[in-house]
Ligand SMILES: N[C@@H](CCC(=O)N[C@@H](CS)C(=O)NCC(=O)O)C(=O)O
């Protein structure tokens, strides 16, 4: 690896968090650059075409999409995706579904609860988010029938979904009614790459047994 690895980062961004988990898993040492730190704002703007985080500078390239970062880490260090084309397609499908279907529901809840005071929360939006969450999970449950993780020893779909689940639990989404997924999240939430890279809101919720909004 050449030079400093730099991650323009925002702790609570699920796209950044999954990349932090994968970097740690791959043993890549990196320098976090909080994107809104006045010292970094200008250089971040220069590298981020759509003004988004994460931005990863590694091996003298700049990557501005989290999905591409995860693929790069897999291509460079291995182990984040299965070996066969068939299994890789299935794993990527899980990651995509986790981000769109589950992620959409979580985003709705997080935005409502993070941006407003509790007395101003729109309960209809919250109920809708919770319903979408429960509808999205059974399809993922089936993928766990034969293994503990979506990719052996955890990989790209596990990090994508864990970043959504962690925030979901921290913002008071009801626990999954799908037992294999519930066990999967218990396992993920004990892994060092999850614990060491969690945003503050997730670490705090985990410390309180996810009882923040109960
Ligand atoms: N497709 C992008 C999405 C990144 C994204 O939407 N990041 C959000 C934060 S979660 C962002 O930077 N929004 C602009 C902002 O927060 O100022 C990726 O996967 O890297």
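Residue numbers (the numbering used here): 67 to 280. Using N, Cα and C, we set each Cβ at its ideal position, and we do this for glycine too.
Using 7 Å as the cut-off, classify the Cβ of residue 117 as near or not near the heavy atoms of ligand 1, replying yes or no. yes
(message) Give the list of continuous beta strand (DSSP E) stretches no shorter than 3 residues that lie fully inside the stretch 105-186.
(response) 121-124, 127-129
From residue 220 to residue 249, what distance separates their C-alpha atoms?
-> 13 Å
- Which ranges would you report for the beta strand (DSSP E) in the stretch 82-108 if only whole runs of at least 3 residues count? 97-100
* Confirm the yes/no value for this check: CB of residue 112, any heavy atom of ligand 1, distance under 7 Å. => no
| said: Taking 7 Å as the cut-off, is the beta-carbon of residue 80 closer than that to any non-hydrogen atom of ligand 1? | reply: yes
Could you pull out every residue in the same chain whose Cβ sits closer than 8 Å to the Cβ of residue 241, ignoring the five residues on either side in sequence? 235, 248, 276
### Task
Name the two residues that bound the continuous beta strand (DSSP E) containing residue 72.
72-75
For this session: Identify whether residue 225 lies in helix, strand or coil by the three-state DSSP scheme.
Result: helix
Can you give the beta carbon distance from residue 179 to residue 187, rounded, assuming they're within the 8 Å contact cut?
6 Å
Exercise. Hey, could you find the ends of the alpha helix (DSSP H) residue 210 is sitting in?
Key: Unbroken run through residue 210: none, as it is neither H nor E.
C-alpha gap between residue 209 and residue 104, whole angstroms: 44 Å
Notebook entry, point to check: Would you say the beta carbon of residue 256 comes nearer than 7 Å to a heavy atom of ligand 1?
Noted result: no
With 8 Å as the threshold, decide whether the Cβ of residue 119 is near any Cβ in chain C.
Of the chains in the structure shown, none is chain C; there is only one protein chain.
| Helix, strand or coil: how does DSSP classify residue 258 here? | helix
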